[in-house]
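Trainee:
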């Protein structure tokens, strides 16, 4: 019986490892609705916390435009934007803990639809997974919580 339990544990660990292997370090939520509405909810979630968008990268438009130049006509996204922002407090905490954490700033949330399912909006972000000191790990966990909270609020 002990051997069976061990093999089951190994199988479960392998399954858990491979399930996350498709996009390590990336969190994704899907929301039913229109791109414009969900994007606006992300903006509102940011503004509700006093955060300001530093840059709005219109990734879908860029890929559409450059695709024509490259002779590639397939449409990757219906709409796709990446909203970049910072939190002065969290950024300060993170970089005081480790100046090399500058690599995690600015924070970004991607909002996009796929051409075959325009009623499903995807919200994705990269997890700030760093090592270093305990203070560095704690500050990056606070950034991860902020990103998760923003996406949760926008997904409601």
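Numbering (the working numbering), first residue to last: 350 to 505.
Note that CB positions come from ideal geometry on N, CA and C, so glycine has one too.
Going by alpha carbons, who is nearest to residue 479 out of 394, 407, 453?
Mentor: Within the chain shown, the letter at position 130 stands for residue 479. The shortest C-alpha separation from residue 479 is found at 453.
Trainee: Using CA atoms only, rank isn't needed, just tell me which of 483, 457, 464, 448 is closest to residue 401.
Mentor: In the chain shown, the residue the question calls residue 401 occupies position 52. Answer by Cα proximity: 457.
Trainee: Between residue 370 and residue 376, what straight-line distance do the alpha-carbon atoms span, to the nearest angstrom?
Mentor: What you label residue 370 is simply residue 21 of the chain shown in a count that begins at 1. What you label residue 376 is simply residue 27 of the chain shown in a count that begins at 1. Residue placement at residue 370 is flagged as unreliable, the pLDDT there being 37, under the threshold of 50; the coordinate-derived value follows with that caveat. If you take the alpha carbons of residue 370 and residue 376, they lie about 12 Å apart.
Trainee: Using the C-alpha atoms, what's the distance from residue 399 back to residue 372?
Mentor: Position 23 of the chain shown, counted from the start, is the residue given in the question as residue 372. Position 50 of the chain shown, counted from the start, is the residue given in the question as residue 399. Those two C-alpha atoms are separated by around 30 Å.
Trainee: Residue 419: buried (16+ other C-beta within 10 angstroms of its C-beta) or exposed?
Mentor: Taking the chain shown and counting its residues from 1, the one referred to as residue 419 is at position 70. By the neighbour-count rule (16 or more Cβ atoms within 10 Å), residue 419 is not buried but exposed.
Trainee: Which whole-angstrom value describes the C-beta separation of residue 500 and residue 387, a residue pair presumed to lie in contact below a C-beta threshold of 8 Å?
Mentor: As a first step, residue 500 must be located in the chain shown, where it is residue number 151. As a first step, residue 387 must be located in the chain shown, where it is residue number 38. Between residue 387 and residue 500 the Cβ distance is about 10 Å, and since that is not below 8 Å, they are no contact.
Trainee: With 16 other CB atoms within 10 Å as the buried threshold, where does residue 428 fall?
Mentor: Within the chain shown, residue 428 is the residue found at index 79, counting from 1. Under this definition residue 428 is a buried residue.
Trainee: Please classify residue 450: does DSSP put it in a helix, a strand, or coil?
Mentor: Looking up residue 450 in the chain shown gives position 101. The answer is helix: DSSP assigns residue 450 an H, G or I state.
Trainee: So, helix, strand or coil for residue 408, using DSSP?
Mentor: Taking the chain shown and counting its residues from 1, the one referred to as residue 408 is at position 59. Note: residue 408 maps to helix in three-state DSSP.
Trainee: Given residue 493, which residues of its chain have a CB within under 7 Å of its CB, disregarding the five upstream and five downstream residues?
Mentor: On the chain shown, position 144 is the one that residue 493 refers to. Cβ within range, chain order: 476, 477.
Trainee: Which same chain residues end up closer than 7 Å to residue 404 when comparing Cβ atoms and leaving out the 5 residues on each side of it in sequence?
Mentor: The residue labelled residue 404 in the question sits at position 55 within the chain shown. So the qualifying residues of the chain are 433.
Trainee: Taking its Cβ as the centre, do 16 or more other Cβ atoms sit within 10 Å of residue 459, making it buried, or is it exposed?
Mentor: The residue given as residue 459 occupies position 110 in the chain shown. Counting Cβ neighbours within 10 Å, residue 459 comes out buried, since at least 16 surround it.
Trainee: When the Cα of residue 394 is compared with those of 407, 472, 483, 485, which residue comes out closest?
Mentor: For the purposes of this step, residue 394 is identified with residue 45 of the chain shown, where counting begins at 1. Of 407, 472, 483, 485, the residue nearest in Cα terms is 472.
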